[in-house]
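Student: Note that the protein sequences, when read in sequence, are chains A, B, C and D. Residue numbering for the first sequence follows our numbering, starting at 1 and increasing by one per position. Residue numbering for the second sequence follows our numbering, starting at 1 and increasing by one per position. Residue numbering for the third sequence follows our numbering, starting at 1 and increasing by one per position. Residue numbering for the fourth sequence follows our numbering, starting at 1 and increasing by one per position.
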Amino acid sequence: MELKNKKWTHDQFYAIRGEVLNQWPTGAAVDFAEAVKYHENIPAKKHFAKQLVKAKKNGRTLTQPRAGVALINEHINLLNFLRTEGEADLLPTTIDSYTRQNQYAEAENGIEESKRAGRSLLNGFPAVNHGVAGVRKVIESVNGPLQVRHGTPDARLLGEITLAGGYTAYEGGGISYNIPYAKSVSLEKTIYDWQYCDRLVGIYAEHGIEINREPFGPLTGTLVPPSVSHAVAIIEGILAAEQGVKNITLGYGQCGNLFQDIAAIKALEQLAEEYLNNHGYPDCVLTTVFHQWMGGFPQDEAKAFGVISWGAAAAALAKATKVIVKTPHEALGIPTKEANAQGLKTTRQLINMLADQPFPLSIEVQSEIDIIKAETRCILDKVYELGNGDFAQGTVAAFAAGVLDVPFAPSRYTLNKILPARDNHGAVRLFDIGNLPFTQDIIDFHQAKMNERAKAEGRNASFQMVIDDIYAISKGRLVGRPH
Amino acid sequence: MELKNKKWTHDQFYAIRGEVLNQWPTGAAVDFAEAVKYHENIPAKKHFAKQLVKAKKNGRTLTQPRAGVALINEHINLLNFLRTEGEADLLPTTIDSYTRQNQYAEAENGIEESKRAGRSLLNGFPAVNHGVAGVRKVIESVNGPLQVRHGTPDARLLGEITLAGGYTAYEGGGISYNIPYAKSVSLEKTIYDWQYCDRLVGIYAEHGIEINREPFGPLTGTLVPPSVSHAVAIIEGILAAEQGVKNITLGYGQCGNLFQDIAAIKALEQLAEEYLNNHGYPDCVLTTVFHQWMGGFPQDEAKAFGVISWGAAAAALAKATKVIVKTPHEALGIPTKEANAQGLKTTRQLINMLADQPFPLSIEVQSEIDIIKAETRCILDKVYELGNGDFAQGTVAAFAAGVLDVPFAPSRYTLNKILPARDNHGAVRLFDIGNLPFTQDIIDFHQAKMNERAKAEGRNASFQMVIDDIYAISKGRLVGRPH
Amino acid sequence: MMQQERTKVILGVIGADCHAVGNKILEHVITAAGYEVVNLGVLVPQEDFVNAAIETDAKAILVASLYGHGEIDCRGLRGRCEEAGIGDILLYVGGNLVVGKTDFHEVKEKFLEMGYNRVYEPGVLLERVIEDLQQDLQERGLSRD
Amino acid sequence: MMQQERTKVILGVIGADCHAVGNKILEHVITAAGYEVVNLGVLVPQEDFVNAAIETDAKAILVASLYGHGEIDCRGLRGRCEEAGIGDILLYVGGNLVVGKTDFHEVKEKFLEMGYNRVYEPGVLLERVIEDLQQDLQERGLSRD
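1) From the beta carbon of N212 of chain A, is the nearest beta carbon of chain D less than 8 Å away?
2) Name the two residues that bound the continuous beta strand (DSSP E) containing V93 of chain C.
3) Between the C-alpha atoms of A456 of chain A and N424 of chain A, what's the straight-line distance to the nearest angstrom?
4) Can you grab the Cα-Cα spacing for the pair L332 of chain A / Y120 of chain C, in whole Å?
5) Run through chain D and tell me which residues come within less than 8 Å of E113 of chain A, C-beta to C-beta.
6) Going along the chain, which residues of its own chain have a beta-carbon closer than 6 Å to the beta-carbon of P420 of chain A, five neighbours each way excluded?
7) Check whether the Cβ atoms of A264 of chain B and Y252 of chain B lie closer than 8 Å to each other.
8) Rounded to whole angstroms, what is the Cα-Cα separation between Q292 of chain A and Q134 of chain C?
9) Mind checking the region 30-62 of chain C against chain B and listing, in chain order, the residues whose C-beta falls within less than 8 Å of any C-beta there?
10) Of all the options A:V396, A:G256, A:R422 and A:E269, which has the alpha carbon lying nearest to the alpha carbon of I484 of chain B?
11) What does DSSP give as the partner residue(s) for I372 of chain A in the beta ladder?
12) Is there at least one Cβ from chain A nearer than 8 Å to Q292 of chain B's Cβ?
13) What is the residue span of the beta strand (DSSP E) that I248 of chain B lies within?
14) On the DSSP letters alone, give me the boundaries of the alpha helix (DSSP H) that K8 of chain C sits inside.
15) Under 8 Å Cβ-Cβ, which residues of chain B neighbour A313 of chain A?
16) Under 8 Å between C-beta atoms, does V428 of chain B make it to chain G?
17) Smallest Cα separation from L90 of chain C: which of C:R6, C:I10 and C:E5?
18) If you check the beta carbons only, do F290 of chain B and A314 of chain B fall under 8 Å apart?
19) Do you know offhand how far L510 of chain A's Cα is from L26 of chain D's?
20) Quick one: which unbroken alpha helix (DSSP H) runs of 4-plus residues sit fully inside the region 62-143 of chain D? Chain order, please.
21) How would you list, in chain order, the residues of chain D whose beta-carbon sits under 8 Å from the beta-carbon of F408 of chain A?
22) Closest by CA to K373 of chain B, which one among B:P25, B:K266, B:Y38 and B:A88?
23) If you measure beta-carbon to beta-carbon, which residues of the region 355-383 of chain B are closer than 7 Å to chain A?
24) Counting contacts by CB-CB distance shorter than 8 Å, is I72 of chain B in contact with chain C?
25) Please name the residue in B:R199, B:T93, B:L317 and B:E330 whose C-alpha comes closest to that of E236 of chain B.
26) For H230 of chain B, collect the residues of the same chain with a Cβ closer than 6 Å to its Cβ; drop the 5 residues on either side in sequence, then sort them by chain order.
27) Does the Cβ of T9 of chain A have 16 or more other Cβ atoms within 10 Å, making it buried, or fewer, making it exposed?
28) Where does F290 of chain B fall in DSSP's three states?
29) With the cut-off set at 8 Å, would you say A398 of chain A and L354 of chain A are in Cβ contact?
30) Counting Cβ pairs, one atom from each stretch, are 3 or more of them under 8 Å apart for the region 67-86 of chain B and the region 20-38 of chain B?
31) Using DSSP's beta-bridge definition, name the partner residues of I324 of chain B.
32) When the Cα of G172 of chain A is compared with those of A:P335, A:L158, A:A164 and A:D432, which residue comes out closest?
33) Which of the three DSSP states is assigned to P226 of chain B in this structure?
34) For the beta strand (DSSP E) containing F445 of chain B, name the first residue and the last one.
35) My output table needs one value for V42 of chain D: the three-state DSSP class, helix, strand or coil.
36) Which two residues bound the contiguous alpha helix (DSSP H) that contains V307 of chain A?
This is the structure:
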């Protein structure tokens, strides 16, 4: 196979489909024609893609938690609790980490151990093991739109089973589910495998079935500058659109500075529209997702509520289409369902209180938009150039060259040369630009911002400053100042 | 007595002092000269007035809870808990409601019943009954700056005892502790009684002892438009300054619209500086206090955390000198100490995360500042005119004429003709201007804002809209829209 | 409906409590429901409730207490009513009745024992109060229908 | 101090877990404390920890687990070490070890029983880990001082 950003033919797709469905016995139950009929009967109020379009039209920001447990009935109860008690607009099914690594035998073991222990020993729902019938039990027993959320480099079988099961939204992408989630899987492989997933969604679309696709915006979730994650998001949007995906949600993880966060969502929307249009995909519906702070949280629940609220406020003021919600247990691992509902309710209160308050573009927001757009263009245009006009090939080359680079990623396929840190106002900048193809103006801008902070703190920018910033919010501040 | 805004002579003051100290047996223990010596030994870190000045200089926003229980040791434990566990910068002593009505016998009964019940049956600390020695036990056992917070129309004896006991800050005022806290006490009487309190603080100042005075900003705490409370705050600031008070904190209760809330604090600061300067009090140190939402709260604690957080964010972005903190139990009555600490910690997290983020004046904030200032000037200048150049006499006349008017106040001495409601963006406006002496431009502005909302909701502005707004936040929204 | 036909209801915030907002809204809503409200406002002592009820021949007294002293303030009101010869008058009470977050069922029991007919927790829907009032008056043959 | 004198420590995130941030910071901090860190990164199976320890003659294995599967993933590592002839190596474990909010003391007991020498809760100060490491090595006569 030669990786290219080119829509797979049906022949290409079906040539490998049998092998995919054979990866685990439950694959045999997937019946595409029957699945299309099943989807045709999903009502709009339970249809993820349609609910997003509606929210965008009405200028609403929807709430969505993360949640998943090992067993079907427990998973259903969890989701219904988050819907009724947590007032969640959108529901997830978070997949367990064994499934994400295609370790279905370990997942099976986890299911058995969970049954014996009477509590979930898996950190998510092993949808492949539960199969189409198990998935449909969830779809039919839960009163809300459902999305698969995971972190799976090779998510082809998971996609076949969950979409045939009736999920109407599927998170992930060949970059965003590799670089932060794998150590030694090549980008060629994950982009190729995600072309399969996107093509599958595209084939559903050919049959009139709308399924939402969402690249994972926050990447490593740790001080990722907006332009770095925006470049990845827009590339994954283009890769998905090429395979026939029509309903795309692009995401961004909160950095914490209000102006930068609002600007990031605006810039993401504007740039994605522009690039999708200019590269031949004018018929995609684009929505945005804002992730509440993905880094370390305070252990204290009251303080965690403060962090959650600030994320909710930024999401609402930025008018993101949906917000992924954290919980007051964030620092302590996987939350109870009650804590999960609390995070949702806090977020709901903020979103509602801010829904009527427009936040017109101020000079500060506009100048952040300008810098984010300029940076993202530098990266995207260089990726395109390195790929000789092909974003898939360009992505592989760009990561090798450090033109695309993600801080703190586990993958060997990112150079890890860039180092982010906060500026004196808490916006995330780069104190080491690495090999990002920025103009001298932009490089100077980042350097000036870092110097301003270093001067204010009476120390040089160093890895210690980065560490301080990583732990700052969990210690109750935004900028990690020395004492 | 004829009420005048004129500094009392020592003769005037001492002529009635004996009578004040005789109101309850504990008054006999007040020894002014000894109290001055006691104050001289209070360290700066426990000195309320000094901590405010320091915070203003450093651009910090300090946190302060409300708290008070019947018995001395329990009160000490409560305050120390809020200091250590809640990380409160400033501490209160909230006085019980019997003491506020000078019902010291009932307060004594409450102390006895509390001892028997093993829990506080009073909603605050009955400082008069505990006397100077009891108060000093609190001052000496609590590690933080302490303020008396109450709601007492005649707070002369309470002031004598608590200031002699070592409190370095005293809340209240002749208008703000009458109109929202009394039913049939005349303004002449409360302004006169508060001149006594201010004069007492002034006499301390003459002896080199700095004591902070804070009029109660939020008044009835229910949709009070900024200009209405600002007018009262500035008048009380002037009345206090005339009696020799040098350290004044003026307050404002959050309305909920971010731009209006930031503008309100800025306008309050600017106007107060201007009026105090122009009326002959250029040597006062002015600070500001922002009260988190004083109206109805959601019963759900997670939602309450959202409301608290939004108040913390607004206080931090407005750069108020201190913020008075609500608790997740707000809807359910007086909070446990744990809930009180939670509200403080949520607020602390927000304030710290926003401390490094300046919020430059946008067009929206500046135009709110302009309208608040214009409205407040209309009221203040008319009060001055009605009093023939005397703000004390003018205040009495202005309330009688409805030139000063407070919505939803229990007092018979306010006309209660104005009716506030939110505009379409959630800012608090007036749908009935009452007799406020606004220019036609301002009246038109309010009418246009109300019409805009009424049109958006397809209904006329009415008392039902006001009721909807009063309950909106407790029901999870800012603007009380019809369904 | 003529004014003289309307059932009279006494409204007030008891004790040293000066929370006025709910009081004003309650007056508005109960009036809109067709009753004649005698609103004593805030800071109302027990005897004022009783006197007003006697003077106006009211059928119910609605006591509010928002500041946590309710337990002390509300005790003995039924006894006063009995002494004054209106022992069977409807007594409702609602608000933040005790200091601190307490189990509402315990609070309710306590106030029912004190002789109140209905006890409401904070945040109760005013429509429910109106419904209860109509039902209780009907049961006592005091309904307007 | 020459590189060959430095005590070697194995670092890795166990199982199917790919949380890399803490791992990178831990490497930085432990290196700065004077140890030689053999960082296996994320997604490390038990055998890789054991093999790396044997190959490098490491004195301690620091296992992280952030994603809640720690109970399944970490069980048996001591046994493997014993089988491989490094049964007395220091085993530390830390992170979000189980799914859901659990009493840490119970979690700690469980992991101590599994043969870990130190068990850390989320948010532990890295300085404490370094101190514990120095103390434990010293007690075993493996200290560099």
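Note that the Cβ used here is the ideal one computed from N, Cα and C, for glycine as well.
Tutor: Let me lay it out:
1) Taking the first sequence and counting its residues from 1, one reaches residue 212 of chain A at position 212. So, not an interface residue.
2) Position 93 of the third sequence holds residue 93 of chain C. Note, V93 of chain C: beta strand (DSSP E), L90 to G95.
3) For the purposes of this step, residue 456 of chain A is identified with residue 456 of the first sequence, where counting begins at 1. For the purposes of this step, residue 424 of chain A is identified with residue 424 of the first sequence, where counting begins at 1. Answer to the nearest angstrom: the Cα atoms are 7 Å apart.
4) Along the first sequence, one-based indexing puts residue 332 of chain A at 332. Along the third sequence, one-based indexing puts residue 120 of chain C at 120. The straight-line gap from Cα to Cα measures roughly 38 Å.
5) Sequence index remark: in the first sequence, residue 113 of chain A carries index 113 (1-based). The contacting residues are I72.
6) Locating residue 420 of chain A in the first sequence gives position 420, counting from the first residue. L223, P225, P407, V428 and L430.
7) Along the second sequence, one-based indexing puts residue 264 of chain B at 264. Along the second sequence, one-based indexing puts residue 252 of chain B at 252. For the 8 Å CB-CB criterion, A264 of chain B and Y252 of chain B form a contact.
8) Counted from its first residue, the first sequence places residue 292 of chain A at position 292. Counted from its first residue, the third sequence places residue 134 of chain C at position 134. When rounded, the distance between both Cα atoms is 49 Å.
9) Correct list: G41, V42 and L43.
10) Outside the modelled stretch of chain B, which goes from 1 to 483, sits residue 484 of chain B, for which no answer is possible.
11) The residue you call residue 372 of chain A lines up with position 372 of the first sequence. Partner(s): none; I372 of chain A has no beta bridge.
12) The sequence position of residue 292 of chain B within the second sequence is 292, counting from 1. For Q292 of chain B, no Cβ of chain A is located within less than 8 Å of the residue's own Cβ.
13) The residue labelled residue 248 of chain B in the question sits at position 248 within the second sequence. DSSP places I248 of chain B in the uninterrupted beta strand (DSSP E) bounded by N247 to G253.
14) Within the third sequence, the letter at position 8 stands for residue 8 of chain C. Per DSSP, K8 of chain C belongs to no alpha helix (DSSP H); it is in the beta strand (DSSP E), K8 to V13.
15) Locating residue 313 of chain A in the first sequence gives position 313, where the first residue counts as 1. Neighbours of A313 of chain A on chain B, chain order: S309, W310 and A313.
16) Among the chains of the structure shown, chain G does not appear; the protein chains present are A, B, C and D.
17) Taking the first residue of the third sequence as 1, we reach residue 90 of chain C at position 90. Closest in alpha carbon position to L90 of chain C, among C:R6, C:I10 and C:E5, is C:I10.
18) Against the second sequence, residue 290 of chain B aligns to sequence position 290. Against the second sequence, residue 314 of chain B aligns to sequence position 314. In this structure, A314 of chain B lies closer than 8 Å to F290 of chain B by Cβ.
19) The question about residue 510 of chain A has no answer here: the residues shown for chain A are numbered 1 through 483.
20) DSSP runs (the alpha helix (DSSP H)) wholly in the region 62-143 of chain D: 70-74, 77-83, 104-113 and 126-139.
21) Within the first sequence, residue 408 of chain A is the residue found at index 408, counting from 1. From the beta-carbon of F408 of chain A, the residues of chain D found nearer than 8 Å are A20, V21 and K24.
22) Your numbering for residue 373 of chain B matches position 373 in the second sequence. Of the listed residues, the one whose Cα sits closest to K373 of chain B is B:K266.
23) Result list: D356, Q357, P358, P360, S362 and E364.
24) On the second sequence, position 72 is the one that residue 72 of chain B refers to. I72 of chain B does not count as touching chain C.
25) Position 236 of the second sequence, counted from the start, is the residue given in the question as residue 236 of chain B. The closest CA to that of E236 of chain B, considering only B:R199, B:T93, B:L317 and B:E330, is found on B:R199.
26) Here the question's residue 230 of chain B lines up with position 230 in the second sequence. So the list reads L268 and T376, once near-sequence residues are dropped.
27) Taking the first residue of the first sequence as 1, we reach residue 9 of chain A at position 9. By the neighbour-count rule (16 or more Cβ atoms within 10 Å), T9 of chain A is not buried but exposed.
28) The sequence position of residue 290 of chain B within the second sequence is 290, counting from 1. Look at F290 of chain B here: in three-state DSSP terms it is strand.
29) Taking the first residue of the first sequence as 1, we reach residue 398 of chain A at position 398. Taking the first residue of the first sequence as 1, we reach residue 354 of chain A at position 354. L354 of chain A is positioned such that its CB atom lies no closer than 8 Å to that of A398 of chain A.
30) With contact defined as three or more Cβ pairs closer than 8 Å, the region 67-86 of chain B and the region 20-38 of chain B are not in contact.
31) Locating residue 324 of chain B in the second sequence gives position 324, where the first residue counts as 1. BP columns for I324 of chain B point to B:Q64 and B:H291.
32) The residue given as residue 172 of chain A occupies position 172 in the first sequence. It is A:L158 whose Cα lies nearest to the Cα of G172 of chain A.
33) Residue mapping note: residue 226 of chain B aligns to position 226 of the second sequence, counting from 1. Helix at P226 of chain B.
34) On the second sequence, residue 445 of chain B is found 445 positions in, with the first residue counted as 1. Run containing F445 of chain B: none in the beta strand (DSSP E); it sits in the alpha helix (DSSP H), Q440 to E457.
35) By one-based count along the fourth sequence, residue 42 of chain D stands at place 42. Three-state DSSP puts V42 of chain D in coil, outside helix and strand.
36) Here residue 307 of chain A is taken as the residue at index 307 of the first sequence, counted from 1. Per DSSP, V307 of chain A belongs to the alpha helix (DSSP H) from E301 to A318.
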